[in-house]
Amino acid sequence: AVVSTQSTGEIAREHRGTGTTRDITIDSVFPKDFATNYLKSTDNKRNLYTLLIPYLVERGNHADLKFVISSQRAIFTTNGAITHLNHVTQLEADSKMVIHAIDAIKSLSDSGCKRLTFYSTDTDVLVIVLGFLPRMVSIAGEDWQFYLDTGRNQPKYDLLEILADRGPLFLTALPYLHALSGCDSVTAFFNHGKTEFVESLLIASS
8 AVVSTQSTGE
18 IAREHRGTGT
28 TRDITIDSVF
38 PKDFATNYLK
48 STDNKRNLYT
58 LLIPYLVERG
68 NHADLKFVIS
78 SQRAIFTTNG
88 AITHLNHVTQ
98 LEADSKMVIH
108 AIDAIKSLSD
118 SGCKRLTFYS
128 TDTDVLVIVL
138 GFLPRMVSIA
148 GEDWQFYLDT
158 GRNQPKYDLL
168 EILADRGPLF
178 LTALPYLHAL
188 SGCDSVTAFF
198 NHGKTEFVES
208 LLIASS
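Numbering (our numbering), first residue to last: 8 to 213.
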């Protein structure tokens with residue numbers, strides 16, 4: 008097999024281009040080319056995050072909401088910085104969602120909260136969340152509900168239904184398949200897409 012020296016994330020960013028760097032404020036008009044040009048610039052993304060973090064924290068305080076916001080290795084909430092997760096070295100947002108979800112389950116179990124919903128349009132997030140779902144269920148207990156909402160005018164994914172259908176062993180294998188088939192930080196096999204890996208896993212688990 009021929010292995011690319013770049014991760015799939017690096018290749019995607021290379022194909023995406025660089026975009027035009029521009030400064031915006033919280034009162035700026037939303038760029039019409041937000042997805043097609045603005046987000047192609049790494050500097051634009053970094054500046055946007057820096058702008059939004061204090062804004063969301065402040066809005067959460069006024070609306071009596073709790074936001075958990077990551078910026079590199081720093082983690083903030085509407086109640087201030089989270090220090091008990093300072094040891095976390097994971098920088099990929101897709102994986103950090105699971106870390107925060109497990110932390111939320113542990114801290115909110117006694118508050119009456121029994122529902123956890125992930126919001127993402129990224130298929131990688133669905134794969135990673137499903138891979139860690141058996142662990143989250145074992146921590147939370149059977150009375151919790153888990154969903155993933157893509158916000159694309161389609162029903163939410165009921166993650167427990169997928170777990171019941173495929174079983175914990177299949178789901179636990181997904182993060183390994185995700186990494187071996189190429190992800191944001193791992194190189195990919197040339198001309199062998201994720202579908203091929205998933206089909207092989209389905210055959211092996213049947």
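Backbone N, C-alpha and C fix where the C-beta goes; we use that ideal spot for every residue, glycine too.
Determine which residues share a DSSP beta bridge with residue 285 and list them. Residue 285 lies beyond the range of the chain shown here (8 to 213); nothing can be said about it.
Going by CA-CA distance only, name the one from 159, 128, 205 and 160 that's closest to residue 186. Residue 186 has its Cα closest to that of 205, out of 159, 128, 205 and 160.
Neighbour-count burial assignment, residue 134, 16 or more Cβ in a 10 Å radius: Label assigned to residue 134: buried.
For my contact list, residue 166 and residue 154 are in at a C-beta cut-off of 8 angstroms; report their separation, rounded to the angstrom. 6 angstroms between Cβ atoms; contact.
Measuring alpha carbon to alpha carbon, tell me which residue in 35, 180 and 168 is nearest residue 138. Residue 138 has its Cα closest to that of 180, out of 35, 180 and 168.
Given residue 146 as reference, the closest of 202, 114, 62 and 212 once Cα atoms are compared: Closest by alpha carbon: 114.
Residues near residue 172 in its chain [Cβ-Cβ closer than 8 angstroms; skip 5 each side]: Counting only Cβ-Cβ distances below 8 angstroms, and skipping sequence neighbours, we find nothing.
How big is the Cα-Cα spacing for residue 65 and residue 58? Their Cα atoms are separated by approximately 12 angstroms.
Under three-state DSSP, which class holds residue 150? Residue state, collapsed to three classes: coil.
What's the C-alpha gap between residue 60 and residue 50? It is roughly 16 angstroms from the alpha-carbon of residue 60 to the alpha-carbon of residue 50.
Cβ atoms of residue 101 and residue 131: under 7 angstroms apart, would you say? Contact flag set, yes.
Compute the distance between the beta-carbons of residue 175 and residue 141, then report whether it is under 7 angstroms. Pairing residue 175 with residue 141 gives a Cβ-Cβ distance under 7 angstroms.
Contiguous beta strand (DSSP E) assignments of at least 3 residues, all confined to the region 32–69: If one requires a minimum length of 3 residues, no beta strand (DSSP E) run lies completely within the region 32–69.
Own chain partners of residue 26 with C-beta closer than 8 angstroms, once the 5 adjacent residues on each side are dropped: Excluding sequence neighbours, residue 26 sits near 44, 45, 46, 47, 48 and 51.
Where does the unbroken alpha helix (DSSP H) through residue 102 begin, and where does it stop? Element bounds for residue 102: 100–115.
Tell me whether residue 133, by its Cβ, gets closer than 6 angstroms to a heavy atom of the ligand ATP. As for the ligand ATP, it is missing from this structure, which has no ligand bound.
Which value, in whole angstroms, describes the spacing of the CA atoms of residue 158 and residue 105? Going by the C-alpha atoms only, they are around 19 angstroms apart.
Please state the DSSP three-state secondary structure of residue 165. It is a strand residue.
Suppose the cutoff is 6 angstroms on Cβ atoms and the five residues either side in sequence are ignored; what does the same chain contact list for residue 124 look like? Counting only Cβ-Cβ distances below 6 angstroms, and skipping sequence neighbours, we find 154 and 156.
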